[in-house]
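Residue numbers (numbering that gives the first Met the number 0), protein chains in the order written: chain U, 0 to 251; chain G, 0 to 251; chain R, 0 to 251; chain V, 0 to 251; chain Y, 0 to 251; chain X, 0 to 251; chain C, 0 to 251; chain L, 0 to 251.
First comes the structure, then the notes that go with it.
8 protein chains.
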Amino acid sequence: MAGLRDDLRALLDDVRSGTTAPEEALERLSALPFRDLGFARVDLHRELRQGAPEAVLAEGKTPEQVARIVEAFVEGGAGSVLVTRADQDVRAAVREVAPEAEEDALSRCIWIARGIPETRGLVVVVSAGTSDGPVVREARIRTELLGSEVVVHEDVGVAGIHRLAAALPDIERADCVVVVAGMDGALASLVGGLARAPVIGVPTSVGYGSAHGGTTALNAMLTSCAAGLAVVGIDDGLGAGTIAARIARGRE
Amino acid sequence: MAGLRDDLRALLDDVRSGTTAPEEALERLSALPFRDLGFARVDLHRELRQGAPEAVLAEGKTPEQVARIVEAFVEGGAGSVLVTRADQDVRAAVREVAPEAEEDALSRCIWIARGIPETRGLVVVVSAGTSDGPVVREARIRTELLGSEVVVHEDVGVAGIHRLAAALPDIERADCVVVVAGMDGALASLVGGLARAPVIGVPTSVGYGSAHGGTTALNAMLTSCAAGLAVVGIDDGLGAGTIAARIARGRE
Amino acid sequence: MAGLRDDLRALLDDVRSGTTAPEEALERLSALPFRDLGFARVDLHRELRQGAPEAVLAEGKTPEQVARIVEAFVEGGAGSVLVTRADQDVRAAVREVAPEAEEDALSRCIWIARGIPETRGLVVVVSAGTSDGPVVREARIRTELLGSEVVVHEDVGVAGIHRLAAALPDIERADCVVVVAGMDGALASLVGGLARAPVIGVPTSVGYGSAHGGTTALNAMLTSCAAGLAVVGIDDGLGAGTIAARIARGRE
Amino acid sequence: MAGLRDDLRALLDDVRSGTTAPEEALERLSALPFRDLGFARVDLHRELRQGAPEAVLAEGKTPEQVARIVEAFVEGGAGSVLVTRADQDVRAAVREVAPEAEEDALSRCIWIARGIPETRGLVVVVSAGTSDGPVVREARIRTELLGSEVVVHEDVGVAGIHRLAAALPDIERADCVVVVAGMDGALASLVGGLARAPVIGVPTSVGYGSAHGGTTALNAMLTSCAAGLAVVGIDDGLGAGTIAARIARGRE
Amino acid sequence: MAGLRDDLRALLDDVRSGTTAPEEALERLSALPFRDLGFARVDLHRELRQGAPEAVLAEGKTPEQVARIVEAFVEGGAGSVLVTRADQDVRAAVREVAPEAEEDALSRCIWIARGIPETRGLVVVVSAGTSDGPVVREARIRTELLGSEVVVHEDVGVAGIHRLAAALPDIERADCVVVVAGMDGALASLVGGLARAPVIGVPTSVGYGSAHGGTTALNAMLTSCAAGLAVVGIDDGLGAGTIAARIARGRE
Amino acid sequence: MAGLRDDLRALLDDVRSGTTAPEEALERLSALPFRDLGFARVDLHRELRQGAPEAVLAEGKTPEQVARIVEAFVEGGAGSVLVTRADQDVRAAVREVAPEAEEDALSRCIWIARGIPETRGLVVVVSAGTSDGPVVREARIRTELLGSEVVVHEDVGVAGIHRLAAALPDIERADCVVVVAGMDGALASLVGGLARAPVIGVPTSVGYGSAHGGTTALNAMLTSCAAGLAVVGIDDGLGAGTIAARIARGRE
Amino acid sequence: MAGLRDDLRALLDDVRSGTTAPEEALERLSALPFRDLGFARVDLHRELRQGAPEAVLAEGKTPEQVARIVEAFVEGGAGSVLVTRADQDVRAAVREVAPEAEEDALSRCIWIARGIPETRGLVVVVSAGTSDGPVVREARIRTELLGSEVVVHEDVGVAGIHRLAAALPDIERADCVVVVAGMDGALASLVGGLARAPVIGVPTSVGYGSAHGGTTALNAMLTSCAAGLAVVGIDDGLGAGTIAARIARGRE
Amino acid sequence: MAGLRDDLRALLDDVRSGTTAPEEALERLSALPFRDLGFARVDLHRELRQGAPEAVLAEGKTPEQVARIVEAFVEGGAGSVLVTRADQDVRAAVREVAPEAEEDALSRCIWIARGIPETRGLVVVVSAGTSDGPVVREARIRTELLGSEVVVHEDVGVAGIHRLAAALPDIERADCVVVVAGMDGALASLVGGLARAPVIGVPTSVGYGSAHGGTTALNAMLTSCAAGLAVVGIDDGLGAGTIAARIARGRE
């Protein structure tokens, strides 16, 4: 926002001083900082505007499209770039335009880490089961790229509630807790009733039958009687990682 | 079943001895033990067949219809009769034909307690919140009419998990545990992970929005990773009470 | 947590010193700080444990039950108490046991404000339409009871997007933004793309037909391409207010 | 309609003049202008009746069936023919019977352009993301075959709302605007609040989890508070292109 | 749009000429033409921007709120104002601030007709049954306030398809056809296969059971094989009337 | 159909003989036999066309509208007229225009019986519970008005399967069996596996929770492994009665 | 039924005459005529009981299981056997045990035609589109195996309603009409409003997006205002063929 | 529970005696008996706590992860271990770490049978069709590993109800009956009305169209009017086997 506001102020100053004609100002107001690839408009400005480097959802795009978008970010001087839901072909295409990219096959992420801010805040990620692993990793990668520390406790199921005990000391000192759980999503209610910090629930599509692809866990988290809990979309590790880092870093 | 089998055996004996003609036997096979009220066929035989006294769902019936059904059971010599979802008008109509009936306004139950078998087995009913009260009572009344002891722990929400601790000693000695919970239904998962006895979950329609009238709690219980848990329909205290008593009493 | 851990530590010290026998310790471990009203177990400890005063959902409880729960909190020395979804009868019953209670008819809230911490952090609440008013108020009351400043901008619909402009300066300086919107929920996506602070979306049941009682707004917020957005349940102003204050106040 | 009415009038004239016997007239009334292929009745008359050349949905048909239907249209003297959802095999089969066909692999369209009317009206197609590309193309091809000019702006997401600015001049001069968007479908609400021309929304199945295969975008568009917006089915570029061209060309 | 663009241009001219200081320009850019009532921001500019007078959805607002919004529009010099879903109390409150308002009890509409443009274009509204009447009227009132002629054919059900015949001459000469239908919504498919003009379907909540409150009609219309058909939300006569008038009046 | 065809033939003969001018014939083709009441087009021809007297769904119509429609049928010389879902006000309004009407409060039906054909065929209606009574009656009234004999067996629940035995002799001699059942709809599967005659299932909205307003019974009937079973809409006694009578009467 | 009743009568006669001891009779009552394959109980008696030869759903069974079931029917002297949803492997396995089997790849049916009764009654099958072909064929095969004549009209879409005209003469003379339609299912409403004979609707899973896999067509048919229409499950050609033949053959 | 309580008692004794320092006790309270594999926390204590050996859901885990979890159980001295939803690769990986494992390809189970308690109680499993076989086997394996006898009756469909007769003697003597059924799930209602023992229903995903992947069977079972019936999740043979064995073995 600040950026937009400052741009506008500068433009108005130029108009006043006669450096810029009103017609040209009008033109420049439309020429906002994105880069048009024809099939995509790469928003080079978001990082300044929101403090979050760009993320690209690979699903529904061809490997070539993803690679060209990544290339535009890299050339545009953006900070970190994270590509999610990237299958092998996409990752190969990205590596060609950005050989320095790191990747993780389990969570299908590939990313270029650049200009990560100094670490600030602690995010604790707790998951209900081993199968939630890919979502845990997506959240972790995103949070770390945004500059917060991450501690992970996996497979802390409600059915064996004593396993939660080992995670409690970390939960107590967290600035934000992310709970990743499929099936009944009950872990989020439980942690939501114990933690002082804000809790972000991530329902996962783990489970069959009445799990309804994550909808049951989602609804359970939303209707949980534990206050202090908010939820992102099913399997949305990226979204969880983003808001968790923003919460953990606090006002900047 | 035993009853039917025995009836059939007796009939066949009569046919053999010539006491009964085949035509008449054929007729009697159709004349099974129910009482036809025109709009309802009162099944006087279920108690013998299944060991469970009759329950009448008042919803969708006029007060007069309910009263006449109750009357038929009482006259037919049935054991206990329990009417559920009975509003004031229905309860008044029942009291006229059965002045000895007991009732509970909160759970909208009215019942005639007769021939309750000697108490056997312990059912522990645990509920997540105060609003689950009516379902808890319906389950309790049914279980006690069927001859099991009931201990109730209400308002044991997951958000304040330490409140469950006080209920644990009873849960440990139960023959069957009934968990009544709306919203996210997480209490069932939690108890299901702790109890040795079979656990029956009753999702309730408590909660708004994403609770979806009990569907979220239902699905959460069904997809729970806690084995040893089975579920009855939303708000179905009657069903829970029935199976809980059968489990608790064991083979008779 | 800290409370529980400290209690446990103290207890163990007592056991060691012989002040407390193991049997008694075992007993005391079960005697956790709640108050049993029979139909409700009032959790007097949550405020210490989680820093959030208690909230009571009146829906599904009788006015008497609500009043007795409030009374228990007040007598138990709890901080603020907030009753939501409280119709006229409930509010009257609460006023009898707590004459100092404040109330708001539009949002059906009644509350006793006690020991509110020093104000810290700014929460900006933005709503899409006039009909979202009750949810806005519930969120505002909760946040203020938890000790954060609240600024509200109502009726900032997407269909007239220029109306959002006036809210932008406040959005820029917020520690947390709450977006309350029914129908298509598009305002949350829009604000989510503009704000630097964490954004909490509250879908409302405003709208008819394809609004599906808030489910459309909920799903739209969850699937929004705007990162940095998390969501609470439909019409859940209480939940939004809780997490927003926790985020805005930061680590305490 | 006009065609049917005129045919009927001519037939009645023939009956009156005795050229046609009533029996024969009755027969001819049933012999309406379609061509029976056994498994399909090709409607050669629709173009005259409705001014829209035929479109064939390939899904659920064998390549041979599609090819024979196309052949019947071509031989029957129809205008343009557009086959949608045509995979490689279908397109190959069509090319054999119509070597002059043009095709587009991304949107799986293949078409024979014939007798396109003089261009009239401007349709502006705006899409939310790169992944909406196939639907954008299907709409564009259909609109152009129907004789309207098309201008496309892709990847104009709500999360970076300033990207919409560059599209505004075209939106202002459009006779009809088509908005193609998946996930939360918020772009349609936004454009619907800005455009003077009728807006046709096309929800797409882009997005995962709470996108529910396009249902969320669909519902969001339907419940949008922006008046002047109507919607076609999920991913239905064909339907959008058809009504957009009809609107843009106006009364003919 | 034009309005906003012109305002901006004028402002920039003022800045250049020194009439307006940059700081003041910045301020005025935020002071866009709405009127803040606290609970509502009345958008006085939409009429200029989109050519559609304002509509107010009364549902979810108190009668007083509606009356004050209407008052603001009337005082702000807006054109026509239409209040929909207005029950008796709302209509009484509106009549007090605008005694000249006309109203229709069946469709629960109340409106102040002012500055209606010269009639242009013909909209034909066809409905499936008598029960669709309220939606038909809402659409008709809206279209007429926007300056198009309306002809209505009610109760043209598919089950007696010959009843459609009498409506055909009007359908043939329409600039836009609106089809209002509940239950199976089949009338929209049928008309969509006959009309040359764009067809706007309005599913209604008429019907019980499998009609699912209008969802069946909605889905049927969306999946209809009739091209040239787009759909508005369930019971949304207002939306249908708006887009129909825009289509019928054409580019202005 | 026959009627339409014959009309057309007669018209063509008139045209040929010169008795009717083509222009007039065209006009008369549009003037099909319905009566336009403004808000309703009464189809006086359906009885001839389909052999079924008219049925009027009162829901969503004002008592006056229903009365005027009934009046039109009566004056138009139609056969029987049946009004369904008619509350007290509607029935009173109908009695004023048709004092000879018979009515049934439980099923909310009111009807004028005229020209019922000679009885032919036997329809056996079997219901699962007392609460299904209103639907049973609606089906029975409709079937009898259409000229078939009806035998009813109520409250033949699956849970007490021996109660079905008494109904079997009638089921064996039926020309069509109608099974009315809510909740799990299992009775339809059971009868469908026993009957030789075609079986029509009517799911009812009886039951709460997982009955989902009749959807569960509907789906259960549709997915039943019993062949020879088809289904009408939830609570649609009218539809069931209509097709049952057509089946039972056979080709006429 | 008749069979069961007769068996029972014979058994009772034997008991009376002393030919059979009661114990043995009891035993024989359990030994009903099915053949136990371990994983399947082949019901050799259904043909006698219901007049319908057996149908085997191959889905979810291994080819070997299907082959052994078919073998059991063939050896058991059953009449025709029809296997549906049989992929290539299943059909190959069936051909090995029944080389005389006929098959149809499009509808994935394979069948052994034996003892088909003399043809009686006419079933007219009308479909909306070419893609409905497999369901049309399944219905046709089943009906013909049950001994009714079948006439098929394919691709009679509502969007080109005049194509229905050619089918009308056959529809008029049918004993039962089967309408097969996906998408909006509107053809069933239309035919239901024209035919005198009972109409059986078969919704198909043809269509994408809002077709919801056939659910939209299903609901549209169920809520159709056309009386005289009943519906079978989605894509259930078998069920439609069964009831259609029973209706067409009439009482036997 | 007993285990936990005993551990705690022992710990407290140690603290009292000075053997253990409070700090160490605190530490040990967190060090509960699970084994941390990084991606999984193996709960070695559940068998003692709940009397049920561990089950591992292979779905969503890599073969290596499953193998390492199994290995940990085996090395940790657990009793039986059962892996469900294990495809060929998983089973191969498990066999490498546990060559003694038994497996069943149809139900995709692999298990190591160790320390099975003396057989107690009889569970009768009844299934509706051959396709329910895999779920039947999963339930059987689980129940037998838990130490109850299992008798299976497969393919006892409601459409041929006499096939149930042969299963009745076993049902009568069962301690718990498990009913496995897809499609309409009617078998559960039927058995629920006949059995004296508790009945556990397992809805299966068998069936297409309106079976909705098992949801119809699930809802039908939940809403069944047969009391004494509780339900586990769709296809959840494991859950059914667990609770059935607990019920059948009774209090231990």
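Quick reminder that beta carbons are idealized off the backbone N, C-alpha and C, glycines included.
Distance between Val135 of chain G and Ala210 of chain U, taken at the CA atoms: about 26 Å. Linking Thr129 of chain R to Glu153 of chain R through their CA atoms gives a straight-line distance of about 7 Å. With contacts defined as CB atoms closer than 8 Å, Val80 of chain G and Val89 of chain G fail to qualify as a contacting pair. With the rule of 3 Cβ pairs closer than 8 Å, the region 119-126 of chain Y does not count as touching the region 85-99 of chain Y.
Your pair Pro202 of chain Y and Ala216 of chain Y checks out as a contact, with CB atoms roughly 4 Å apart and the cut at 8 Å.
At a cut-off of 8 Å between beta carbons, Glu74 of chain R makes no contact with chain G. In terms of beta-carbon proximity, Val179 of chain C stays away from the interface with chain V, with every pair separated by 8 Å or more.
The three-state reading of DSSP puts Pro197 of chain L in coil, since its state is none of H, G, I, E or B. The C-alpha of Pro168 of chain V lies about 34 Å from the C-alpha of Val179 of chain Y.
Check the Cα spacing between Val177 of chain G and each of G:Glu102, G:Tyr207, G:Gly212, G:Ile246: the tightest is with G:Ile246.
DSSP places Leu167 of chain U in the uninterrupted alpha helix (DSSP H) bounded by 167-172. Against chain G, the CB of Glu99 of chain R has no partner CB under 8 Å away; the residue lies outside that interface. Taking a beta-carbon distance threshold of 8 Å, Leu163 of chain V does not count as an interface residue toward chain Y. Contact of Asp183 of chain V with chain R by beta-carbon distance below 9 Å involves Asp183, Gly184, Ala185, Ala187, Ser188, Asn218, Ala219, Met220, Leu221, Thr222, Ser223, Cys224, Ala225. From the beta-carbon of Gly249 of chain R, the residues of chain U found nearer than 7 Å are Gly249. Contacts between Ser130 of chain C and chain V, judged by CB atoms closer than 8 Å, involve Leu56, Glu58, Gly59, Lys60 in chain order.
For Val96 of chain R, not one C-beta of chain U is nearer than 8 Å to its own C-beta. Contact check for Gly184 of chain R and Met220 of chain R: beta-carbon distance about 5 Å, within the 8 Å limit, so the pair qualifies. Taking a 10 Å sphere around the C-beta of Thr18 of chain C, we find fewer than 16 other C-beta atoms and assign the residue as exposed. In the three-state reduction of the DSSP assignment, Pro202 of chain Y falls in the strand class. Secondary structure of Leu145 of chain L (DSSP, three-state): coil. Close partners of Val205 of chain V in chain U (Cβ separation under 7 Å): Gly59. Using a CB distance cut-off of 8 Å, Ser106 of chain C does not count as an interface residue toward chain V. In this chain, the beta strand (DSSP E) harbouring Leu56 of chain Y covers 53-56. Taking 8 Å as the threshold, the shortest C-beta distance from Gly236 of chain R to chain Y does not fall below it.
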